[in-house]
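With mature numbering (1 follows the signal peptide of the UniProt record, and there is no 0) applied, the sequence shown covers -29 to -1, 1 to 279.
For every residue, glycine included, the Cβ atom is placed at its ideal position computed from N, Cα and C.
Written below as structure tokens is the structure these notes are about.
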Amino acid sequence: MGAERAPQAQPCTWRLLALVPILLGLVASLEWKAVHSQDPFERCMQDPDYEQLLRVVTLGLNRTLMPQRVIVVGAGVAGLVAAKVLSDAGHRVTILEADSRIGGRILTYRDEKTGWIGELGAMRMPQAHRILHRLCKSLGLNLTEFVQYDENAWTQVGDVKLRNYVVEKMPEKLGYDLRPQERGHSPESIFQMALNKALRDIRTMGCKKAMKKFDSYTLLEYLLREGNLSWAATQLLGDVMSKDGFFYLSFAEALRAHSCLSDYLRYSRIVGGWDLLPRCTAPGLLHVVRFSGLVLWPEPGRHAAGGA
């Protein structure tokens, strides 16, 4: 959990007439990557609508001549921005939120006595998330670097404790019985070894067929069967890179997660706390938020709370 002392004041200044929705979030996970990326995986996972959404964030939507009544489910950042955009365009918006607060997965803890804050939810954004960066700029929110990786920090597996710079060069020292070709390589490099077959599949099969194939494997299955890693290497990746939390996702989804969650990417955070993002987005909308809102799905026997 990151912590810092909050500044005394933080401006929330709108610099655009309208902002756009869907975007953010946290929903589109990796479709944040730059359009002209040379990485084959990023090209395959790229959202074809990304540039259009970015333009709407910048320019806003046209004022409608036929206002509609619109319900937005959830008062997280995506819901708030969607509501803001639609409201600015002239629509009549109601937001249904299951919780008693706005912000969704953004949850900043503030100690009123000391002024220290800590992030209990979202805490960083990758440099490639241009839509969210644009939104923060439009709101006058200051960003600073989020430290994702420190080579002098410690990694401990069992009773073995090593500095990260040692693990990067000789992960086998943590006690993993790696194959000769796996020794002396960083955990990230070992993971990339397993992706070589996937890269060949993309080049020979094309994105659509390759991603369909990837979706038929879990990450663990792909690393062992197609990536030809040893069981010890997969244990290493699970422990050191936290891949064990993704082992039973489809390989396609694990690729998406790795694309935006890596020690080799650059991240930013909002100075003063992430809760400034929903707070600065919400002015003018709080009167249309209905808290503790229950949303019923059309399927018989199913229901879900708004914002879940």
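Pick from A46, L207, L265 and Q23 that is closest to G146, judged by C-alpha positions:
Position 175 of the sequence shown, counted from the first residue, corresponds to residue 146. When each option's Cα is compared against that of G146, the closest is L207.
If you compare alpha carbons, which of R196, D82, S263 and W245 is closest to L112?
Stepping through the sequence shown from its first residue, residue 112 is reached at position 141. For the residues R196, D82, S263 and W245, the minimum Cα distance to L112 belongs to W245.
Y120 to G61 span [Cα, whole Å]:
The residue given as residue 120 occupies position 149 in the sequence shown. The residue given as residue 61 occupies position 90 in the sequence shown. About 45 Å.
Is it true that the segment 211 to 228 meets the segment 180 to 200, where meeting means three or more beta-carbon pairs spaced less than 8 Å apart?
yes
In three-state DSSP terms, what is P97?
By one-based count along the sequence shown, residue 97 stands at place 126. DSSP places P97 in strand when its eight states are reduced to three.
Quick one: is R227 buried, meaning 16 or more other Cβ sit within 10 Å of its Cβ, or exposed?
Taking the sequence shown and counting its residues from 1, the one referred to as residue 227 is at position 256. Around the Cβ of R227, a 10 Å sphere holds 16 or more other Cβ atoms; the residue is buried.
Which ranges does the beta strand (DSSP E) cover as unbroken runs of at least 3 residues, wholly within the segment 19 to 72, from first to last along the chain?
40 to 44 and 63 to 68
Could you tell me the alpha carbon to alpha carbon distance between R150 and D82, rounded to whole angstroms?
Locating residue 150 in the sequence shown gives position 179, counting from the first residue. Locating residue 82 in the sequence shown gives position 111, counting from the first residue. So the alpha carbons of these two residues sit roughly 49 Å apart.
Could you please give the first and the last residue of the uninterrupted beta strand (DSSP E) stretch that includes Q127?
The residue you call residue 127 lines up with position 156 of the sequence shown. Unbroken beta strand (DSSP E) run through Q127: W125 to V128.
Is the Cβ-Cβ distance between G45 and E68 less than 8 Å?
Your numbering for residue 45 matches position 74 in the sequence shown. Your numbering for residue 68 matches position 97 in the sequence shown. Going by C-beta atoms, G45 is nearer than 8 Å to E68.
Starting from the Cα of A181, find the closest Cα among T35, A169 and D210 and give me that residue.
Your numbering for residue 181 matches position 210 in the sequence shown. Looking at the Cα atoms, A169 is the closest of the given residues.
If you count every other CB in all the chains shown that lies within 10 Å of the CB of E90, and 16 or more means buried, which is it?
In the sequence shown, residue 90 corresponds to position 119, counting from 1. Its Cβ being crowded by 16 or more others within 10 Å, E90 is buried.
What's the C-alpha gap between G209 and Y238?
For the purposes of this step, residue 209 is taken as the residue at position 238 of the sequence shown. For the purposes of this step, residue 238 is taken as the residue at position 267 of the sequence shown. Whole-angstrom Cα-Cα distance: 22 Å.
Which partner residues does F262 have in the DSSP bridge list?
As a first step, residue 262 is located in the sequence shown; it is residue number 291 there, counting from the start. Beta-bridge pairing by DSSP links F262 to E68.
Mind checking whether L25 and R105 have CB atoms under 8 Å apart?
Indexing the sequence shown from 1 puts residue 25 at position 54. Indexing the sequence shown from 1 puts residue 105 at position 134. Yes; because the gap between Cβ atoms is below 8 Å, this pair is in contact.
I'd like to check one pair, P97 with C231: are the Cβ atoms closer than 8 Å?
In the sequence shown, the residue the question calls residue 231 occupies position 260. In the sequence shown, the residue the question calls residue 97 occupies position 126. Taking 8 Å as the Cβ cut-off, C231 and P97 qualify as a contacting pair.
Could you give the C-beta distance for I77 and L51, rounded to a whole number, given that I count them as a contact under 8 Å?
The residue labelled residue 77 in the question sits at position 106 within the sequence shown. The residue labelled residue 51 in the question sits at position 80 within the sequence shown. About 10 Å separates the two Cβ atoms, so there is no contact after all.
Kindly list the residues whose CB is nearer than 8 Å to the CB of N123, restricted to its own chain and excluding five residues on each side of it in sequence; keep chain order.
If you number the sequence shown from 1, residue 123 lands on position 152. For N123, where only same-chain residues beyond five positions count, the Cβ hits under 8 Å are R134, N135 and Y136.
By Cβ distance below 7 Å, which residues in the same chain neighbour Y235 in space, the five residues on each side in sequence not counted?
Translated into the one-based positions of the sequence shown, residue 235 becomes position 264. If we look at Y235 and ignore the five residues flanking it on each side, its Cβ neighbours are E159.
Going by C-alpha distance, which of L247, I102, P249 and Y193 is nearest Q23?
Against the sequence shown, residue 23 aligns to sequence position 52. Cα-wise, what sits closest to Q23 is I102.
Which residue from V211, G92 and R171 puts its Cα closest to that of Q127?
Within the sequence shown, residue 127 is the residue found at index 156, counting from 1. With distances taken between Cα atoms, Q127 lies closest to V211.
With C-beta atoms as the reference, is L110 less than 8 Å away from T252?
Position 139 of the sequence shown holds residue 110. Position 281 of the sequence shown holds residue 252. Going by C-beta atoms, L110 is nearer than 8 Å to T252.
Quick check: what's the CA-CA separation for V260 versus F218?
Locating residue 260 in the sequence shown gives position 289, where the first residue counts as 1. Locating residue 218 in the sequence shown gives position 247, where the first residue counts as 1. When rounded, the distance between both Cα atoms is 38 Å.
Apart from the five residues on each side of it in sequence, which residues of its chain come closer than 8 Å, Cβ to Cβ, to L15?
As a first step, residue 15 is located in the sequence shown; it is residue number 44 there, counting from the start. For the record, residue 15 in the displayed sequence is Cys; it is not Leu. I173, C178, A181 and M182, listed in sequence order.
4 or more residues per run - each alpha helix (DSSP H) lying fully within the segment 112 to 176
Runs of the alpha helix (DSSP H) lying entirely within the segment 112 to 176 and spanning at least 4 residues, in chain order: 135 to 140 and 158 to 176.
So, is G198 buried or exposed, given that buried needs 16 or more other C-beta atoms within 10 angstroms?
Taking the first residue of the sequence shown as 1, we reach residue 198 at position 227. Buried, because 16 or more other Cβ atoms sit within 10 Å of the Cβ of G198.
With distances taken from CA atoms, which of L248, W202, D70 and H229 is nearest E13?
Locating residue 13 in the sequence shown gives position 42, counting from the first residue. If we check each option's Cα against that of E13, H229 comes out closest.
Between which two residues does the alpha helix (DSSP H) containing residue 280 stretch?
There is no way to answer for residue 280, as the model of the chain reaches only from -29 to 279.
Run the CB neighbour count on L247, radius 10 Å, all protein chains shown included, and call it buried at 16 or more, exposed below.
Within the sequence shown, the letter at position 276 stands for residue 247. By the neighbour-count rule (16 or more Cβ atoms within 10 Å), L247 is buried.
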